[in-house]
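Per the UniProt record's numbering, the very first residue in the sequence shown carries number 1; after that it's consecutive.
Beta carbons: idealized from backbone N, C-alpha and C, even for Gly.
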Amino acid sequence: MAEHTICLLVKLGQVAFRIAEDGIGGTGLRVRHYSVLQALADNGAMPQLALGSFLRIDPATMVTSLDDLERAGYAERTRDPQDRRRYAVDITAEGRKVLARLNRTLVDLDGEILADLGTTERQSLHVLLDGLAGSPALTSLFDTVREQNGGKRA
1 MAEHTICLLV KLGQVAFRIA EDGIGGTGLR VRHYSVLQAL ADNGAMPQLA LGSFLRIDPA
61 TMVTSLDDLE RAGYAERTRD PQDRRRYAVD ITAEGRKVLA RLNRTLVDLD GEILADLGTT
121 ERQSLHVLLD GLAGSPALTS LFDTVREQNG GKRA
């Protein structure tokens, strides 16, 4: 397994995901909820479909996630003034408060998960992963796989 970078990434991703889910679980939210709130805080209100595409979340999961966030008072959907058939999604003041709490928790979890790395190694790892996450090649490959699977989570 260790011979293949992709297998290491999968294993580490599974471990990190489980730790992150547990770490933020006290808020009643999941990592996908955090992703939506952070994207809205970073980018401002977005059409629902564009938000799902930006986060690579399939439409059914996006609807469920937004339903959860609306019920909790952390996000709101309104009709898009440019196109009344679409919904625009925005973070609420309560959503910003819970997002700040989630970010503090995630900073602490970063420290715990990466405790065996030095500061320079942590920064280098972050830069590498950030570059990979936004790479056109990976994005294109993911979109191709998702389309082949009929829009199901890839």
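Contact set for residue i: own chain, Cβ-Cβ below 7 Å, skip 5 residues either direction
| i | result |
| --- | --- |
| His-33 | Ser-65, Asp-68, Leu-69 |
| Arg-122 | Leu-114 |
| His-126 | none |
Beta-carbon proximity check, residue i vs residue j, cutoff 8 Å
| i | j | result |
| --- | --- | --- |
| Leu-12 | Val-36 | no |
| Leu-49 | Arg-86 | yes |
| Val-89 | Leu-51 | yes |
| Arg-101 | Thr-27 | yes |
| Gly-95 | Ala-115 | no |
| Gly-73 | Thr-92 | yes |
| Pro-47 | Asp-80 | yes |
| Leu-99 | Ala-137 | no |
| Ala-2 | Leu-8 | yes |
Residue i classed as buried or exposed, judged by whether at least 16 other C-beta atoms fall within 10 angstroms
| i | result |
| --- | --- |
| Ala-133 | exposed |
| Ala-39 | buried |
| Gly-131 | exposed |
| Leu-141 | exposed |
Rounded distance between the beta-carbons of residue j and residue i, thought under 8 Å
| i | j | result |
| --- | --- | --- |
| Leu-117 | Ala-20 | Not confirmed; about 17 Å, so no contact. |
Member of the options whose CA lies at the smallest distance from the CA of residue i
| i | options | result |
| --- | --- | --- |
| Asp-143 | Ile-57, Asp-22, Thr-61 | Ile-57 |
| Arg-18 | Leu-8, Cys-7, Arg-30 | Arg-30 |
| Gly-25 | Arg-146, Leu-109, Gln-148 | Leu-109 |
| Thr-139 | Ser-53, Thr-120, Ser-124 | Ser-53 |
Residues of its chain near residue i, where Cβ-Cβ distance is below 6 Å and the 5 sequence neighbours each way are ignored
| i | result |
| --- | --- |
| Met-62 | Gly-52 |
| Asn-149 | none |
| Gly-23 | Thr-105, Leu-109 |
Chain-order list of residues whose beta-carbon lies under 8 Å from that of residue i (same chain, five-residue window excluded)
| i | result |
| --- | --- |
| Gly-44 | Asp-90 |
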